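*Asks:* This note's numbering numbers the first residue of the sequence shown as 12 and each following residue consecutively.
For every residue, glycine included, the Cβ atom is placed at its ideal position computed from N, Cα and C.
Only a predicted model underlies this, so the values are computations on that prediction, with no experimental measurement involved.
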Amino acid sequence: MVAWLLIGTSAHALETDQFYAWGQPIEDSTEYLNAWVRLQIQSTLDSRAGLASIDCEAAVEHVQSDLQHTIFQPIEMWIISGDLVDRIPRGLQEDRDYRKQYLLGKTIAFDFARWLQPSPTLQVNEIRIGSDKLAHFFAEGWWYYKWWRKHRDDYSPDELQRGLIQYGVGLEWWGQGMMVSGVFSLGDLEANYQGFVFYHQLCHGDEPLLTRQEDRWYFSESFDFRNYVYPEWDESWNANIYGQMRWKNIRSTMATYCPMLDSAWVEKQRERYNELDRQTPTEELVMELVATGELPDPQLFDITSVCN
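(1) Judging by CA-CA distance, which residue of 141, 57, 305 is the nearest neighbour of residue 221?
(2) Consult DSSP for residue 65 and reduce its assignment to one of helix, strand or coil.
(3) Excluding the five sequence neighbours on either side, which residues of its own chain have a C-beta within less than 6 Å of the C-beta of residue 260, listed in chain order?
(4) Just to confirm before moving on: does the CB-CB distance between residue 99 and residue 29 stay below 7 Å?
(5) When you compare only the Cα positions, how much space is there between residue 252 and residue 75?
(6) Check residue 18 in the structure and name its three-state DSSP category.
(7) Taking the straight line between their C-alpha atoms, what separation do you get for residue 149 and residue 78?
(8) Mark residue 129 as exposed unless 16 or more other C-beta atoms lie within 10 angstroms of its C-beta, in which case mark it buried.
(9) So the alpha helix (DSSP H) residue 101 belongs to, where does it begin and stop?
(10) Buried or exposed: residue 107, going by 16 or more other Cβ atoms within 10 Å of its Cβ?
(11) Helix, strand or coil for residue 228? Go by DSSP, reduced to three states.
(12) In three-state DSSP terms, what is residue 221?
(13) What's the call for residue 243, buried or exposed, on a 16-neighbour Cβ count within 10 Å?
(14) For residue 18, which residues of its own chain have a beta-carbon under 7 Å away from its beta-carbon, when the five flanking residues on both sides are left out?
(15) Using the Cα positions of residue 132 and residue 62, report the straight-line distance between them to the nearest angstrom.
(16) Which word fits residue 263, buried or exposed, when buried means at least 16 other C-beta atoms lie within 10 angstroms of its C-beta?
(17) Go ahead and pull the three-state DSSP assignment for residue 240.
(18) Between the alpha carbons of residue 40 and residue 64, how many angstroms are there, rounded?
(19) Hey, could you find the ends of the beta strand (DSSP E) residue 139 is sitting in?
(20) Leaving out the 5 sequence neighbours to the left and right, which residues in its chain are closer than 7 Å to residue 163 when beta-carbon positions are compared?
(21) Going by beta-carbon coordinates alone, are residue 104 and residue 37 separated by less than 7 Å?
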């Protein structure tokens, strides 16, 4: 059972809690994260023998192998093992306190979701995200891309996009979310989809991120997480859907943050998020599923509903 759960949660370090970091300063880490990705990909392109002779999509296979591992993802391990990326919690004692106080801190029997380390909160382009979202970006984003390659000749572009997101919803409901942890994360779905966009951009579009020059593959210096990270990645803004057994405890913990909704810090953050927020393809499908009763309404689990 342990092995099955580890495999089932391979794309991320389980759950996160952006409420916990409300009001606390976090230095923006966009440039550090961008540099890590550029270095990781270009090192792969330069180190693999014979890479120059293969086509772009074959090169992507090599690139991806260094961006996603079976259980813990390289970018998240790099974040939590060093000091370059500022985050909350910081340090061993803060981490112990976090595990007791974060949204999943009040546990239930056989709580598999708390067996692995919860993800800290960091900041990208002034948007707060869990480090697990970057793991989703590279891991499940790759699964999306493989699904797209398999079916790209079978459907129209609109059908392909819808099927792709439905595939992701299935992942998040079963092996990657609700059935394992009692959490269906809309933020995970957004990170997954943007990860697919990244992998697609490596070889496709008007300006692919991978180019071959003088028998060498190069990764574009234009890569920037700002092009992919939106407020929808922040789970304090884009509410999760929770299972019935899990929700009672999470609701009581979430309610402790109600007084902060009127604080200047939270009001400023949510004003910025509101300016940046947009309806994404993932949100469009989720709202359809809510309307047909196939998913609970995420608004029921939003902090504004809890506090009202």
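*Replies:* Let's see:
(1) Working through the sequence shown from its first residue, we reach residue 221 at position 210. In terms of Cα proximity to residue 221, the closest of 141, 57, 305 is 57.
(2) The sequence position of residue 65 within the sequence shown is 54, counting from 1. Coil, per DSSP.
(3) The residue given as residue 260 occupies position 249 in the sequence shown. The answer, listed in chain order, is 117.
(4) Here residue 99 is taken as the residue at index 88 of the sequence shown, counted from 1. Here residue 29 is taken as the residue at index 18 of the sequence shown, counted from 1. No, Cβ-Cβ distance for residue 99 and residue 29 is not below 7 Å.
(5) Against the sequence shown, residue 252 aligns to sequence position 241. Against the sequence shown, residue 75 aligns to sequence position 64. The alpha-carbon of residue 252 is positioned some 30 Å away from that of residue 75.
(6) As a first step, residue 18 is located in the sequence shown; it is residue number 7 there, counting from the start. With a pLDDT of only 43 at residue 18, under 50, the local geometry of the prediction cannot be trusted, and the value read off the model is given with reservation. The answer is helix: DSSP assigns residue 18 an H, G or I state.
(7) Taking the sequence shown and counting its residues from 1, the one referred to as residue 149 is at position 138. Taking the sequence shown and counting its residues from 1, the one referred to as residue 78 is at position 67. Straight across, the Cα-Cα distance linking residue 149 with residue 78 is about 6 Å.
(8) For this step, residue 129 is matched to residue 118 along the sequence shown. By the neighbour-count criterion, in which a residue is buried when 16 or more other Cβ atoms sit within 10 angstroms of its Cβ, residue 129 is buried.
(9) In the sequence shown, residue 101 corresponds to position 90, counting from 1. DSSP places residue 101 in no alpha helix (DSSP H); its state is neither H nor E.
(10) Counted from its first residue, the sequence shown places residue 107 at position 96. The residue is exposed, with fewer than 16 neighbouring Cβ atoms inside 10 Å.
(11) As a working note, residue 228 is residue 217 in the sequence shown. Residue 228: strand per DSSP, three-state reduction.
(12) Residue mapping note: residue 221 aligns to position 210 of the sequence shown, counting from 1. The answer is strand: DSSP assigns residue 221 an E or B state.
(13) The residue given as residue 243 occupies position 232 in the sequence shown. Burial call: buried.
(14) Start at 1 with the first residue of the sequence shown, and residue 18 comes out as number 7. Residue placement at residue 18 cannot be trusted, given a pLDDT of 43 that sits under 50; what the coordinates show is reported in the next sentence. Take residue 18, set aside five residues on each side of it, and no residue of its chain has a beta-carbon closer than 7 Å to its own.
(15) Walking along the sequence shown from the start, residue 132 turns up at place 121. Walking along the sequence shown from the start, residue 62 turns up at place 51. Answer to the nearest angstrom: the Cα atoms are 36 Å apart.
(16) By one-based count along the sequence shown, residue 263 stands at place 252. By the Cβ neighbour-count rule, residue 263 is exposed, with fewer than 16 other Cβ atoms within 10 Å of its own.
(17) One-based indexing of the sequence shown puts residue 240 at position 229. Residue 240 falls in the coil class under three-state DSSP.
(18) Taking the first residue of the sequence shown as 1, we reach residue 40 at position 29. Taking the first residue of the sequence shown as 1, we reach residue 64 at position 53. Residue 40 and residue 64: Cα-Cα distance of roughly 35 Å.
(19) In the sequence shown, counting from the first residue as 1, residue 139 sits at position 128. Note, residue 139: beta strand (DSSP E), 138-141.
(20) Locating residue 163 in the sequence shown gives position 152, where the first residue counts as 1. Taking residue 163 as the centre and dropping the five residues before and after it, the same chain places the C-beta of 171 closer than 7 Å to its C-beta, in chain order.
(21) Within the sequence shown, numbered from 1, the residue matching residue 104 stands at position 93. Within the sequence shown, numbered from 1, the residue matching residue 37 stands at position 26. No. Outside cutoff.
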